[in-house]
Structures are given as structure tokens and as C-alpha cells.
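Residue numbers for the first sequence follow the UniProt record's numbering, beginning at 1 and rising by one. Every residue, glycine too, gets a C-beta built ideally from N, C-alpha and C. Small disclaimer: the values here were computed from a predicted structure and weren't measured.
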Amino acid sequence: MLKTVDMTSSSGNRSVARKITTPCCTKMGMKRGPWTLEEDEILVSFIKKEGEGRWRSLPKRAGLLRCGKSCRLRWMNYLRPSVKRGGIAPDEEDLILRLHRLIGNKWSLIAGRIPGRTDNEIKNYWNTHLRKKLLSQGIDPQTHKPLDASNTHKPGEEVPGGQYLLEPNSSSHTDDTTVSSGNGAGKISNSVFGDEDFGFCYDDKFSSFLNSVINDDPFDSNIPVLSQPLQTRDFIVGTSSSLGHDQIPKDM
DNA sequence: AAATGCGTCAACCGCCGGAGT
DNA sequence: GACTCCGGCGGTTGACGCATT
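In C-alpha cells, the structure reads:
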């Protein structure tokens, strides 16, 4: 059931109408819009004291008029001490490009490999900078191939340079090419991994593979995943949260 | 100086999968 | 197995600031 409500942003007078469906956002009295310094301080001090997690009950416990999702997002994307502020460095940009070419719009996976960067930040940077940059260079941002040739290869087909293409819309939760996030299972179809269904996932080889991408050698022959399709049991796919920054190679 | 256009990015939405019951 | 709760993800929106007219 959808219902539309009128809401006024806390930061302006312009009212907006949105379709509200999620329970946490239908609660009356919940504040929306940009966070104030005071709210930030409350959230930070509460998490320092109580730790992360139990997001849905956190606002009530902390005395915030925000939904749990909003608190989590604010913490993850802005308030966490490990979040790096400032512009994306050229080496970070290069890494984003290479990882995106490999795994598509898996922002959390990409973020998990770039210290201090959040999935939201990388997604924004991609949409506002890199996408346009590639387009201006005549490169399809989705396939990373020349635009005029982008229709000549089917998704999953090997392309010059040893790269493989993910299926279109690989970002969808429901398609067959999802690279699983979190501790969920997923499938990378016709990619470098072969047409494998990753119903069970283990970390080491995929992690090594991403590390090799980070280290500019995605097709290192020492990495078995690249010389032969991996078996389902060979993978686990981490996320920005499950792949902590302490797991990122120091030599990045 | 005012109006308009455009780019950026914080925040929100809808959905999904896992865990617990 | 069905259901609910929760955390997390990717896509999208819109407020805001800057540039241009």
C-alpha cells in the first residue's frame, strides 16, 4: 500500500511529496532532511557509548527523532571516524575505474577496497565525474568499451584485453549476474569466473582477485580464479562492512 | 544585481537476503 | 515452511552552491 504525504524539508521551505511505504518512515514526528550538528553529536556520542547496531531501536534509545535507517546512513557515510573527507585522489579514481570495469555498479564492494571511502561517495563520484569522463572519451560507462563498438559484443562475451562483460543491469538485486553483497549468495554469469552460481561463498580467492585488480594485475597467472573457473566453494564476496579496511593490502 | 542553468552530494526510497522464531 | 525483523544495497531525488547569462 502506498500513500503520498506532503513533507517539508528541514533545510528549506520547498515542500516535497514522496511515496512513503517503509514503516520507519511513516511514523509521525520523524525528522527528515539534513542532519544538524546537534543530532550528529548525539549520534556519535551514543554510538561511542553503546556501539553500532540495533539501528531500528537506536533513535529511541539515543533520543533522536530519526528513523533507524537514517541514523545508520548518517553514521556510515559521514560520522564514522574512518570516513575520509576530501576529493578523490587520482589513484583512487583509477582504482574505481578498474574495479567498476570488473564488477559493475557494486559500490559497496568497490568501497570496501578503497580505505575511507563509502559506497555512497563512490556512487556519487561515478555518476557525477567518471561517467561523464568516460562518455567524453567515447567510452561506454557500463561496458568500458568504445561507444561505437559497445553494441558489437554481447554481455558476458570476452572483449579485447582479456576483459569480460557483466550482464546489463548487473546492479539489480534480482538479476542473475548479481555479485552478492553482505553474506548473501550471488552469481556472476559468464564473467571471468565462468558461469558459476555462488550459492556458497568463501572469501579468499575473490578477495585475492580484487587485490590483484587493486595491484594492477587482474589477470595474474598466479591467481587460480583467472586461469580456470572457480568452483562455488571457492568464493565469498565481501562488502564494505564485511571487508574491513584492515583487510585492505597495505601496499595499495 | 537578478535570474537561470548546472553540478554536486547528502539523504531517502524500495527492495532484498539472512537470522531468528 | 512461513513469517517478521533487521541490516544492507543500489537507484534516485532534491537542496544547495556556483557559474553563466
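Handout entry: Supposed contact pair THR118 and MET76 - C-beta distance, whole angstroms, cut 8 Å
Key = 6 Å
Practice task
Just mark residue 253 as buried or exposed, buried being the case when its beta carbon has 16 or more other beta carbons within 10 Å.
Solution key: The chain is shown only over 1 to 252; residue 253 falls outside these bounds and no answer can be derived.
Practice task
Look up PRO90 in the DSSP assignment and say whether it is helix, strand or coil.
Solution key: helix
Practice task
Report the three-state DSSP secondary structure of ILE139 (helix, strand or coil).
Solution key: strand
Exercise for the section: With a cut-off of 8 Å on the beta carbons, I'd call TRP55 and GLY63 a contact; round off their distance for me. Expected result: Not a contact, Cβ separation roughly 15 Å.
Exercise for the section: For LYS48, count neighbouring C-beta atoms within 10 Å of its own C-beta (all shown protein chains included) and say buried if the count is 16 or more, exposed if not. Expected result: exposed
Problem - Assigned exposure category for ALA89 - 16 Cβ within 10 Å defines buried - result: exposed
Practice task
Confirm, please, whether the CB-CB distance from ILE122 to ILE96 is below 8 Å.
Solution key: yes
Problem - ARG80 vs LEU43 beta-carbon contact at 8 Å - result: no
Practice task
Along the alpha helix (DSSP H) that carries SER70, what are the first and last residues, could you check?
Solution key: Counting along the chain, the unbroken alpha helix (DSSP H) around SER70 starts and ends at 68–74.
Exercise for the section: Please state whether DSSP places PRO59 in a helix, a strand or coil. Expected result: helix
Exercise for the section: Starting from the Cα of LYS46, find the closest Cα among ASN105, ARG61 and GLY86 and give me that residue. Expected result: The sequence shown places Phe at residue 46, not Lys. Among ASN105, ARG61 and GLY86, the Cα nearest to that of PHE46 belongs to ARG61.
Handout entry: Closest by C-alpha distance to SER108, when choosing among GLU38, ARG101, SER136 and ASN120
Key = ASN120
Practice task
Can you tell me which of GLY87, LYS145 and THR36 puts its alpha carbon nearest to the alpha carbon of ASP102?
Solution key: The residue you asked about is not Asp; residue 102 is Leu in the sequence shown. Nearest C-alpha to LEU102: LYS145.
Handout entry: Residue burial classification, GLY87 (beta-carbon count within 10 angstroms, cutoff 16)
Key = exposed
Handout entry: Delimiting residues of the alpha helix (DSSP H) encompassing SER108
Key = 107–111
Problem - CA-to-CA distance, SER70 to GLU38, given in whole angstroms - result: Straight across, the Cα-Cα distance linking GLU38 with SER70 is about 15 Å.
Handout entry: Element boundaries [alpha helix (DSSP H), containing GLN49]
Key = Note on identity: in this sequence residue 49 is Lys, with Gln being the wrong assignment. Taken as a continuous stretch (DSSP letters only), the alpha helix (DSSP H) holding LYS49 covers 37–50.
Handout entry: With 16 other Cβ atoms within 10 Å as the buried cut-off, status of PRO141
Key = buried
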